[in-house]
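K.L.:
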Amino acid sequence: MHHKNLLNQCLVRWSQAARLLCSLALLCCLPPVLAAQSQDDKSPWILSDGSRFEPKDFFPKFSWEVTPQYFMFGDSQRVLLPEEVDSIASRTDFLCIEKSHGARALGAAELGAKHEVAAFKKIKPEVKVLFYFNAAYAWPFTSYNKAFTREKIDRHPELKQFLLVDPETGQLAHRRNTFSFDVLNPDFRHWWVDTVAQGVAESGSDGVFIDQMHGFAWLRKERSQEVERAMGEMMAALKKKLGHDKILLGNNANQALAKHVFPVIDASMFEHYNEKLLSKESLLQDWEDMLRIAKAGKMSIFRIGVDVAPSESPRQNQSEARRGRSKSVVALAKERLEYYLACYLIGAQPYSYFQYGWGWTLSSGSLQDYPELHKPLGAPKGAYHRKDSHGWVFTREFEHASVWVDTENREARITWRAESGD
113 MHHKNLLNQC LVRWSQAARL LCSLALLCCL PPVLAAQSQD DKSPWILSDG SRFEPKDFFP
173 KFSWEVTPQY FMFGDSQRVL LPEEVDSIAS RTDFLCIEKS HGARALGAAE LGAKHEVAAF
233 KKIKPEVKVL FYFNAAYAWP FTSYNKAFTR EKIDRHPELK QFLLVDPETG QLAHRRNTFS
293 FDVLNPDFRH WWVDTVAQGV AESGSDGVFI DQMHGFAWLR KERSQEVERA MGEMMAALKK
353 KLGHDKILLG NNANQALAKH VFPVIDASMF EHYNEKLLSK ESLLQDWEDM LRIAKAGKMS
413 IFRIGVDVAP SESPRQNQSE ARRGRSKSVV ALAKERLEYY LACYLIGAQP YSYFQYGWGW
473 TLSSGSLQDY PELHKPLGAP KGAYHRKDSH GWVFTREFEH ASVWVDTENR EARITWRAES
533 GD
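For our numbering, count along the sequence shown from 1 and bump the result up by 112.
What follows is the structure in structure tokens.
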């Protein structure tokens with residue numbers, strides 16, 4: 113009997129060992145993603161719907177450690193001081209040199225961009241710096257565009273043909289003497305693609321921010337679909353010309369007008385350039401679009417300009433804010449940061465960035481630092497929660513922060529748990 117019991121115990125242990133070996137063999141045969149799924153539940157690349165974001169190898173570094181920021185600025189009169197480069201580089205891995213930066217100081221905006229690309233790369237080689245170009249307005253700040261002025265354009269008929277004519281006046285269409293490009297002209301599209309690619313190459317940039325991809329469709333409503341297709345073709349040609357490893361960021365490319373553009377871009381900005389775009393309905397749509405953009409494997413920038421935001425401050429303050437010269441706008445920006453940061457965090461996805469300021473010049477917020485943006489954040493724990501299906505109160509949990517926002521009353525509260533030692 114003793115020998116029989118011993119034999120039974122050996123058989124049981126052998127059976128358990130065999131099952132364990134089979135399980136291990138099966139696990140080894142599983143695809144790596146499935147095998148590691150249980151360990152990846154808290155991955156920083158998990159979207160709010162539970163799917164996974166797959167960043168491209170040429171994307172900037174992204175982290176939830178603190179609020180991920182994007183910067184974009186320009187100053188036509190000068191280039192950055194070394195301490196300003198250090199300050200901005202300490203807060204971001206992703207930025208753009210705006211359209212006129214360094215134009216007067218160095219002679220052309222592409223030289224301003226080249227100067228800053230070198231300055232940032234010297235202290236932070238992994239940083240991604242973008243060149244700027246406009247798809248609608250012929251800003252004369254680069255050497256490529258310097259002929260697009262009233263004084264020079266008639267001497268360059270080959271360039272004048274790229275511009276829109278106002279049907280009412282028969283003169284070149286313009287906005288405050290800045291001429292308008294005609295995207296329906298195939299010769300223009302070819303020139304534009306070559307020019308933008310040249311600017312990116314000569315400045316040493318990691319890609320380009322393309323502004324205003326509307327093509328002035330509202331000026332020729334009967335051809336609006338043709339305008340949309342032409343813009344999409346131009347952006348696709350640009351992406352091909354730049355190469356797969358260069359970033360193509362489109363301003364407001366999440367909008368319906370840009371449906372032909374969206375498939376070829378790598379990132380989209382929510383500019384919020386007027387008060388309507390900061391309404392409770394628009395913010396809700398933004399959050400849906402942020403998820404849609406991330407599911408497509410693209411980046412997004414949630415840009416807030418407090419100069420156009422709804423505010424209880426006097427209209428005079430908003431006017432001063434637009435000029436970027438008032439101390440009151442700095443106070444306003446600090447006062448409203450919690451609300452707009454909360455609005456970003458409710459919809460933030462992997463590779464969603466926050467940009468905050470009151471304009472596009474260097475003095476309009478890029479040199480202003482906010483302690484809240486350095487507080488430990490951590491990855492989101494899931495999607496946002498809407499308190500009531502018809503209400504406007506939303507909450508979301510992050511590893512080190514709890515976010516509450518009421519977009520109807522424009523109120524918010526962010527509780528930073530790391531400060532209390534939790």
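Backbone N, C-alpha and C fix where the C-beta goes; we use that ideal spot for every residue, glycine too.
None of these values were measured; they are calculated from a predicted model.
#1: Considering only residues of the same chain and omitting the five flanking positions on each side of V376, which have a CB-CB separation below 6 Å?
#2: Just the C-alpha distance for R437 and E195, rounded to the nearest angstrom, thanks.
#3: Buried or exposed: T179, going by 16 or more other Cβ atoms within 10 Å of its Cβ?
#4: List the DSSP bridge partners of W516.
#5: Between the region 313–333 and the region 258–266, do at least 3 Cβ pairs fall closer than 8 Å?
#6: Assign D299 to one of three DSSP states: helix, strand, or coil.
#7: Which whole-angstrom value is the C-beta distance of E170 and D357, which I expect to be below 8 Å?
#8: Is any heavy atom in the ligand HEM found nearer than 7 Å to the beta carbon of P488?
#9: DSSP state of K351, grouped into three classes?
#10: Grab me the residues of V229's own chain with a C-beta within less than 7 Å of its C-beta, minus the 5 sequence neighbours each way, in chain order.
#11: I need the straight-line Cα distance from W251 to S212, nearest angstrom please.
#12: Could you pull the start and end residues of the alpha helix (DSSP H) that K233 belongs to?
#13: Tell me, to the nearest whole angstrom, how far the beta carbon of F414 is from that of F382; I am working on the premise that it is less than 8 Å.
#14: With a threshold of 8 Å on Cβ separation, who are the neighbours of L403 within its own chain once the five nearest residues in sequence on each side are excluded?
#15: Quick check: what's the CA-CA separation for K407 versus S163?
#16: Over the uninterrupted beta strand (DSSP E) stretch that includes V320, give me the two end residues.
#17: Please name the residue or residues paired with I209 in a DSSP beta bridge.
#18: Only counting the same chain, and skipping five residues up and downstream in sequence, which positions put a Cβ closer than 6 Å to that of S478?
#19: How many angstroms separate the CA atom of T307 from the CA atom of H512?
P.N.:
Reading it off the structure:
#1: M347, A348, K351
#2: Residue placement at R437 is poorly supported in this model, since its pLDDT is 47, which falls under 50; the coordinates are not used for a value here.
#3: buried
#4: T507, R525
#5: no
#6: helix
#7: Residue identity check: residue 170 is Phe in the sequence provided, not Glu. With a Cβ gap of about 4 Å, F170 and D357 count as contacting.
#8: Among the ligands in the structure shown, none appear at all, so the ligand HEM cannot be discussed.
#9: Here K351 carries a helix assignment [DSSP, helix/strand/coil].
#10: V241, S315, G316, S317.
#11: 8 Å
#12: 221–235
#13: 5 Å
#14: Shown here for L403: same chain residues with a beta carbon closer than 8 Å to its own, the five before and five after excluded, namely L159, S160, D161, G459, Q461 in chain order.
#15: 8 Å
#16: 319–323
#17: Under the DSSP definition of a beta bridge, I209 partners with F185.
#18: F183, F185
#19: 45 Å
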